[in-house]
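*Asks:* In our numbering, the protein residues as written are 48 to 196. Can you keep this structure in mind? I'll have questions shortly.
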């Protein structure tokens with residue numbers, strides 16, 4: 048009896064959540080050139096088709112992701128950058144580092160600080176360690192940071 052009541056209550060809650068869920072639509076665009084492939088995904092509010100966010104991915108010729116950029120829509124200014132992920136690979140095409148930089152709205156440029164994740168591999172290219180570094184200067188040489196042990 049308790050199970051039936053709990054199941055009924057759960058079903059009603061799920062139905063209510065579905066009715067109140069915001070409908071969104073995502074459109075995609077893919078382009079390529081001699082340096083790689085760009086994939087762009089734009090999310091629109093379902094009923095009014097007002098843009099909400101845009102995510103752009105850039106891949107090299109081999110299909111490895113190099114950047115991921117997130118932007119949000121402002122009806123006054125258009126697309127405003129939020130953050131960018133950048134990916135670097137080692138000599139055997141394993142992910143060596145990933146950085147995340149926020150957009151500085153006041154200066155209208157990428158922040159001078161970034162967060163970084165470094166992937167360290169052993170002699171047989173097996174992943175040994177993952178190290179996170181917060182608030183690295185964007186002007187630092189990333190290759191020097193990657194070689195830190």
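Using N, Cα and C, we set each Cβ at its ideal position, and we do this for glycine too.
#1: What are the start and end residues of the beta strand (DSSP E) that includes residue 117?
#2: Going by Cα to Cα distance, which pick from 107, 141, 127 and 164 is closest to residue 79?
#3: Have a look at the DSSP bridge pairing and note the partners of residue 174.
#4: Would you kindly check if the distance between the Cβ of residue 103 and the Cβ of residue 95 is under 7 Å?
#5: Check the DSSP bridge columns for residue 102 and list the partner residues they point to.
#6: In terms of residues, what are the limits of the beta strand (DSSP E) holding residue 94?
#7: Taking only the alpha-carbon atoms, compute the straight-line gap between residue 111 and residue 160 and give it to the nearest angstrom.
#8: Starting from the C-beta of residue 75, find all residues in its chain whose C-beta is less than 6 Å away, skip the five residues before and the five after it, and write them out in chain order.
#9: From this set, 130, 163, 138 and 135, which residue's C-alpha is nearest residue 150's C-alpha?
#10: Tell me whether residue 76 sits in a helix, a strand or coil according to DSSP, three-state version.
#11: Would you kindly work out how many angstroms separate the C-alpha atoms of residue 171 and residue 114, rounded to a whole number?
#12: Run the CB neighbour count on residue 141, radius 10 Å, all protein chains shown included, and call it buried at 16 or more, exposed below.
#13: Should residue 71 be labelled buried (16 or more other beta-carbon atoms within 10 Å of its own) or exposed?
#14: Using the three-state DSSP reduction, which class does residue 158 fall into: helix, strand or coil?
*Replies:* The relevant details are as follows:
#1: Position 70 of the chain shown, counted from the first residue, corresponds to residue 117. It spans 112-121 - the beta strand (DSSP E) in which residue 117 sits, taken as one unbroken run.
#2: Here residue 79 refers to the residue found at position 32 when the chain shown is read from its first residue. Of the listed residues, the one whose Cα sits closest to residue 79 is 107.
#3: In the chain shown, counting from the first residue as 1, residue 174 sits at position 127. Residue 174 is bridged to 168.
#4: The count along the chain shown starts at 1 and reaches residue 95 at position 48. The count along the chain shown starts at 1 and reaches residue 103 at position 56. No, they are not a contact pair.
#5: Your numbering for residue 102 matches position 55 in the chain shown. According to DSSP, which records beta bridges pairwise, residue 102 is partnered with 88 and 117.
#6: Position 47 of the chain shown, counted from the first residue, corresponds to residue 94. In the DSSP assignment, residue 94 falls outside any beta strand (DSSP E) and carries neither an H nor an E.
#7: Sequence index remark: in the chain shown, residue 111 carries index 64 (1-based). Sequence index remark: in the chain shown, residue 160 carries index 113 (1-based). The straight-line gap from Cα to Cα measures roughly 25 Å.
#8: The sequence position of residue 75 within the chain shown is 28, counting from 1. The answer, listed in chain order, is 88.
#9: Taking the first residue of the chain shown as 1, we reach residue 150 at position 103. Among 130, 163, 138 and 135, the Cα nearest to that of residue 150 belongs to 130.
#10: Here residue 76 corresponds to residue number 29 of the chain shown, with the count starting at 1. Residue 76 falls in the strand class under three-state DSSP.
#11: Residue 171 sits at position 124 when you count from the first residue of the chain shown. Residue 114 sits at position 67 when you count from the first residue of the chain shown. So the alpha carbons of these two residues sit roughly 27 Å apart.
#12: Taking the first residue of the chain shown as 1, we reach residue 141 at position 94. Residue 141 should be labelled exposed.
#13: Taking the chain shown and counting its residues from 1, the one referred to as residue 71 is at position 24. It is exposed - the Cβ of residue 71 has fewer than 16 other Cβ atoms within 10 Å.
#14: Counting from 1 along the chain shown, the entry for residue 158 is found at position 111. The answer is coil: DSSP assigns residue 158 none of H, G, I, E or B.
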